[in-house]
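Novice: Numbering-wise (our numbering), the sequence shown opens with residue 1009 and increments by one.
From the three backbone atoms N, C-alpha and C, an ideal C-beta is built for every residue, glycine too.
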Amino acid sequence: MTDSAAVRVLAPVRFRQGSGRLCLDYLRTLRYRGTPQATEELADPQALAAWVKQCGPCGDGPVARPAPGQLVRARALREAVHALILAALGPDGPAALPAGARARLNSAAADPLPTPQLTPSGALGWHAEDPVTATLALIARDALDLATSPTLLPRLRPCASPVCGAFFLDHSRPGARRWCSMDTCGNRAKKAGARARA
1009 MTDSAAVRVL
1019 APVRFRQGSG
1029 RLCLDYLRTL
1039 RYRGTPQATE
1049 ELADPQALAA
1059 WVKQCGPCGD
1069 GPVARPAPGQ
1079 LVRARALREA
1089 VHALILAALG
1099 PDGPAALPAG
1109 ARARLNSAAA
1119 DPLPTPQLTP
1129 SGALGWHAED
1139 PVTATLALIA
1149 RDALDLATSP
1159 TLLPRLRPCA
1169 SPVCGAFFLD
1179 HSRPGARRWC
1189 SMDTCGNRAK
1199 KAGARARA
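In structure tokens:
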């Protein structure tokens, strides 16, 4: 788990996406993980509801403000996903995941999922009685699928930036992507390289 005393709190207007998987986007809610600049984006229950509305499938409907206990569980799930990703990338694979993290992931994955519904306009929408719990169930299932996939796991990468802490799924044809985003980390690295050469 993250030492909350060492983590700044931030409530962004927009959350970062684009990692290639829902569970990896969710990991990005602890920005600059493992650095002195570590920043908690799930600052309060309202921020968790905002993440679910922006990034989850039930974003078209209302998302009730989660209870404080739900925020604690959501952050704990995020840390279990992080532990699973680290274990999956290690020499022993997902089997090295500690029992507590495995139990947390399995428990979250067992919760009810959003269900598809046809809207009056003829579009596909998603519904859940509790969109937060349903989205966390999707995150847990997505993480379990990713960490045990022999075809996807080799394309799972940490960002090359030493301060970023994000992971992404490399869908590029050569499989040589280095940055979680060329607009942020990649661009900063290019600018730093240009300054160094100058």
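Quick check on this structure: which residue in L1164, D1119 and A1155 has the alpha carbon closest to the alpha carbon of A1142?
Specialist: The candidate whose alpha carbon is nearest that of A1142 is D1119.
Novice: Closest to R1163 by C-alpha separation, out of R1036, R1029 and T1043, would be which residue?
Specialist: Ranking R1036, R1029 and T1043 by Cα distance to R1163 puts R1029 first.
Novice: Is A1136 near P1122, with beta carbons less than 7 Å apart?
Specialist: For A1136 and P1122, yes; Cβs fall inside 7 Å.
Novice: How about A1057 and R1073: do their beta carbons lie closer than 7 Å?
Specialist: Cβ distance < 7 Å, so A1057 and R1073 count as in contact.
Novice: Opposite P1128 in the DSSP bridges: which residues?
Specialist: Paired residue(s): none; P1128 is not in a bridge.
Novice: So, does the segment 1087–1101 touch the segment 1049–1066, judging by three or more C-beta pairs under 8 Å?
Specialist: Contact between the segment 1087–1101 and the segment 1049–1066 is absent, because fewer than three Cβ pairs lie under 8 Å.
Novice: From D1153 to L1160, what does the alpha carbon distance come to, in whole angstroms?
Specialist: Straight-line Cα distance between these residues: approximately 9 Å.
Novice: Going by Cα to Cα distance, which pick from R1081, L1113 and A1075 is closest to A1091?
Specialist: Selected option, being the one with the closest Cα: L1113.
Novice: Go ahead and pull the three-state DSSP assignment for D1137.
Specialist: Just to set this straight, residue 1137 is Glu in the shown sequence, not Asp. Coil.
Novice: From what residue to what residue does the beta strand (DSSP E) around R1165 run?
Specialist: Start and end: L1164 to P1166.
Novice: Using 8 Å as the cut-off, can you tell me whether the segment 1092–1104 makes contact with the segment 1177–1191, which would need three or more C-beta pairs spanning the two stretches below that distance?
Specialist: Counting Cβ pairs under 8 Å, fewer than three are found: no touch.
Novice: Quick one, are the C-beta atoms of A1111 and A1145 less than 7 Å apart?
Specialist: Contact flag unset, no.
Novice: Cutting at 7 Å between CB atoms, please list the residues of its own chain near P1124, excluding the five before and the five after it.
Specialist: Same-chain partners within the cutoff: L1132 and W1134.
Novice: In terms of residues, what are the limits of the beta strand (DSSP E) holding L1177?
Specialist: That run of the beta strand (DSSP E) goes F1175 to L1177.
Novice: Look up T1143 in the DSSP assignment and say whether it is helix, strand or coil.
Specialist: It is helical.
Novice: To the nearest angstrom, how far is it from the Cα of S1169 to the Cα of D1068?
Specialist: Going from the Cα of S1169 to the Cα of D1068 covers about 34 Å.
Novice: Helix, strand or coil: which one does DSSP assign to E1087?
Specialist: The answer is helix: DSSP assigns E1087 an H, G or I state.
Novice: Assign V1080 to one of two classes, buried (16 or more other C-beta atoms within 10 Å of its C-beta) or exposed (fewer than that).
Specialist: The residue is exposed, with fewer than 16 neighbouring Cβ atoms inside 10 Å.
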